[in-house]
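A.B. asks:
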Amino acid sequence: MVYTLAQSIPAQSLNQVAPFLFFGFAALTVVSAWAIVLSQNIVRMAIYLLFTLCGVAGLFFLMNAEFLAAIQLIVYAGGTLILIVFGVMLTSKDPFQKLVSPIWEQFLGCGIGLALLFLLVLAMANSVIVPHESLGTAPEHGVRAIGKALLSEYIVPFEVSAVLLLVVMIGAAYMARRRA
């Protein structure tokens, strides 16, 4: 018998805590994303990226998208972030080198960011909010259903991607060994 934390906590108390969790994960994501932009140390940028990705995974968990949250943590926070850190460590002579961009690039980035923020606010203002009760019941697409589909109907693409990742890892190890 599997006994999870969600089963032991009443739904009423989860509904009371959910807004605080949402704002906590959203704040973690936004603050660490700004820290990435403002930081000049590439290793610190990678650490802030880890916090950003974990915050996004927490938001996925709150939306009951457990599969997306797990993929976010495994693939992005686990794999991609480690790849970035190792890439910096293997290719840079000084991994703690400061990155300083010219002032015109900073203004260009702020302008593009403000334009995207304007478009986001415009899209949110023109969106229709549908009450949760009127949505009806959605079909069950949980992690178990995705796992069954990956290991039955989509086994060939799943295994091909696993072999491809293995070949990439062997190639990266060979290139790093050859360079040393």
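The opening residue of the sequence shown carries number 297 in the numbering used here; numbering runs sequentially from there. We put the CB at the ideal spot given by N, CA and C, even for glycine.
Going by C-alpha distance, which of LEU355, THR387, ASN337 is nearest VAL326?
C.D. replies: That would be LEU355, whose Cα lies nearest to the Cα of VAL326.
A.B. asks: Quick one: what does DSSP say ASN311 is sitting in, helix, strand or coil?
C.D. replies: Three-state result, ASN311: helix.
A.B. asks: Which word fits GLN368, buried or exposed, when buried means at least 16 other C-beta atoms lie within 10 angstroms of its C-beta?
C.D. replies: With 16 or more Cβ atoms within 10 Å of its Cβ, GLN368 is classed as buried.
A.B. asks: Applying the criterion that 16 or more other CB atoms from any shown protein chain within 10 Å of the CB defines a buried residue, is THR348 buried or exposed?
C.D. replies: Burial call: buried.
A.B. asks: Taking only runs that begin and end inside the segment 375 to 411, name each unbroken alpha helix (DSSP H) of 4 or more residues, in chain order.
C.D. replies: Listed in chain order, they are 377 to 387.
A.B. asks: What's the gap between the Cα of ALA353 and the Cα of LEU346?
C.D. replies: Cα to Cα, the separation comes out at about 11 angstroms.
A.B. asks: Alpha carbon to alpha carbon, how far is LEU386 from VAL313?
C.D. replies: In a straight line, the C-alpha of LEU386 is about 44 angstroms away from that of VAL313.
A.B. asks: From this set, ILE338, LEU410, GLY383, which residue's C-alpha is nearest MET471's C-alpha?
C.D. replies: Closest by alpha carbon: GLY383.
A.B. asks: Considering only residues of the same chain and omitting the five flanking positions on each side of TYR372, which have a CB-CB separation below 7 angstroms?
C.D. replies: LEU349, listed in sequence order.
A.B. asks: If distances are taken between C-alpha atoms only, which option among THR376, MET359, ALA323 comes closest to ILE343?
C.D. replies: Checking every option, the nearest Cα to that of ILE343 belongs to THR376.
A.B. asks: What residue range does the alpha helix (DSSP H) around LEU447 cover?
C.D. replies: Counting along the chain, LEU447 falls outside any alpha helix (DSSP H), and DSSP gives it neither H nor E.
A.B. asks: Of the choices LEU418, VAL339, TRP400, whose alpha-carbon is the least far from that of VAL381?
C.D. replies: The shortest C-alpha separation from VAL381 is found at VAL339.
A.B. asks: Going by beta-carbon coordinates alone, are GLY351 and PHE321 separated by less than 8 angstroms?
C.D. replies: Result yes, Cβ atoms of GLY351 and PHE321 sit closer than 8 angstroms.
A.B. asks: What do you reckon, are the CB atoms on PHE363 and ILE451 nearer than 8 angstroms?
C.D. replies: Cβ distance not < 8 angstroms, so PHE363 and ILE451 don't count as in contact.
A.B. asks: Could you tell me the alpha carbon to alpha carbon distance between LEU416 and GLU401, rounded to whole angstroms?
C.D. replies: Their Cα atoms are separated by approximately 22 angstroms.
A.B. asks: Under the rule that 16 or more other beta-carbon atoms within 10 Å means buried, what is ALA419, buried or exposed?
C.D. replies: Exposed.
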